[in-house]
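Report on the structure given below.
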Amino acid sequence: MLFRSAKDKTSLNALEFRESLGLLGFVSETVFTDLLFNAFNTNKDNKISFEEYIRGLRILTRGTPEEKLAFSFRMIDINGKGYITLSEFELVMESTQRLVNYVDDITKSGPGSVEINKKTTEKLFHDMDKDGNGQVTCDEFVSSLSNQNNITLWM
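At the far end of the sequence shown sits residue 162, using our numbering, and the numbering has no gaps.
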């Protein structure tokens, strides 16, 4: 049971959160689960309350494409600075690639191994960085990816 009575357990730390995702097969992908934890932990207190957990699940399952993109941005914005850098974006793309390949391997439902090269990642980042300052804000991220029909349809 994730959240027991209020007296017993009112939040999840990063390890407990990662373990809760073990049912989905994500336990071995610690980078991705840590980034996901970051997005759920909206008040940045290093634990996820029941309310944060429910809010995050609602966005992931019933949120608008813009809400899901803003949630994705929070995953990438590791330190909560309000912008992402190329290195943060590369970390997420590599982690996502590993996760997609893992899921495809166990479900045999995907097209096979997915590979995102550094040049493609850099181009996508620079396309999002509208003002060219080396930082992508949430607004830049959401507006750029909202225009990508294949991404918003997938969400």
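Virtual Cβ for every residue (Gly too), placed ideally from N, Cα, C.
Check: Under the three-state reduction of DSSP, which class applies to Thr92: helix, strand or coil?; Outcome: coil
Check: What is the residue span of the alpha helix (DSSP H) that Leu28 lies within?; Outcome: From DSSP, Leu28 is part of no alpha helix (DSSP H); its letter is neither H nor E.
Check: Which of helix, strand or coil does DSSP assign to Thr37?; Outcome: helix
Check: So, using beta-carbon positions, are Thr92 and Phe39 closer together than 8 Å?; Outcome: no
Check: Return the first residue and the last residue of the alpha helix (DSSP H) that Ile66 is part of.; Outcome: Phe57 to Arg69
Check: Flag this pair as touching only if the region 128 to 135 and the region 69 to 76 have three or more C-beta atom pairs under 8 Å; answer yes or no.; Outcome: no
Check: How about Lys51 and Leu19: are their beta carbons less than 8 Å apart?; Outcome: no
Check: What does the alpha-carbon distance come out to for the pair Leu28 and Ile61?; Outcome: 14 Å
Check: Return the chain-ordered list of same chain residues with a C-beta closer than 7 Å to the C-beta of Met100, the five sequence neighbours on each side being excluded.; Outcome: Ile123 and Thr128
Check: Would you mind sorting Glu58 into buried or exposed? The rule is 16 or more other CB atoms within 10 Å of its CB.; Outcome: exposed
Check: Can you find the residues in the same chain that come closer than 7 Å, C-beta to C-beta, to Ile85, ignoring five residues on each side of it along the sequence?; Outcome: Asn45 and Glu95
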